[in-house]
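Structure, as structure tokens:
In my numbering, the protein residues as written are 50 to 191.
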């Protein structure tokens, strides 16, 4: 039985942090692409996707994602998630500070059949420095 696109998105999210990079890459087409807009990185092909995932998990070994919302659109799925973890090792362009973080992320998945053809992920790059979304300042005027 084929998985739905939402099931594929749930599987992608569930692989953080304990899934294998190979299993994650198998959710993509052979020439699939993962664009990480926070770091300005585009991983191409299953090998590039494996490398991108492995680098992140080495840096943030306890990183988890919780799917908050997802909805299908004609071209694929849009998902909003909550990411949490502690950056323990430096990334090539960001030093680890060892402080727990939490951020809101958004992902746009485009599919070819039931495989991810492309993924565009956006979240703040200063996730180690901002408060968790539940403690944002509130400004209101009624």
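The C-beta atom is built at its ideal place from N, Cα and C for all residues, glycine as well.
Ignore the nearest five residues each way along the sequence and tell me which others in residue i's own chain have a CB closer than 8 Å to its CB.
i           : result
residue 50  : Bear in mind that the predicted position of residue 50 carries a pLDDT of just 43, short of 50, making it too unreliable to give a figure here.
residue 79  : 94, 95
residue 107 : 138
residue 131 : 114, 115, 117, 151, 152, 153, 154, 182
residue 100 : 70, 92
residue 161 : 78
residue 135 : 109, 111, 147, 148, 149, 150
Keeping to the same chain, check which residues put their C-beta closer than 6 Å to that of residue i; ignore five residues upstream and five downstream.
i           : result
residue 93  : 82
residue 103 : 70
residue 140 : 108
residue 169 : 84, 157
For residue i, does the count of other Cβ atoms within 10 angstroms reach 16, so buried, or fall short, so exposed?
i           : result
residue 72  : exposed
residue 89  : exposed
residue 118 : exposed
residue 98  : buried
residue 167 : buried
residue 147 : exposed
Bridge partners of residue i, per DSSP?
i           : result
residue 157 : 127, 169
residue 164 : 161
residue 72  : Answer is none; residue 72 lacks a bridge partner.
residue 149 : 135
Here's a check: name, in chain order, each residue in its chain whose Cβ is nearer than 7 Å to the Cβ of residue i, leaving out the five neighbours to either side.
i           : result
residue 76  : 57, 60, 61, 164, 165
residue 121 : 54, 55
* Asked: What are the start and end residues of each continuous alpha helix (DSSP H) run of 4 or more residues lying completely inside the stretch 78 to 147, in chain order?
  -> 94 to 108
* Should the stretch 53 to 66 be regarded as contacting the stretch 112 to 122, the criterion being three or more beta carbon pairs within less than 8 Å? -> yes
* To do: Kindly confirm or deny that the stretch 154 to 163 and the stretch 118 to 130 touch, where touching means at least three C-beta pairs closer than 8 Å.
  => Three or more pairs of CB atoms, one per stretch, sit closer than 8 Å, so the stretch 154 to 163 contacts the stretch 118 to 130.
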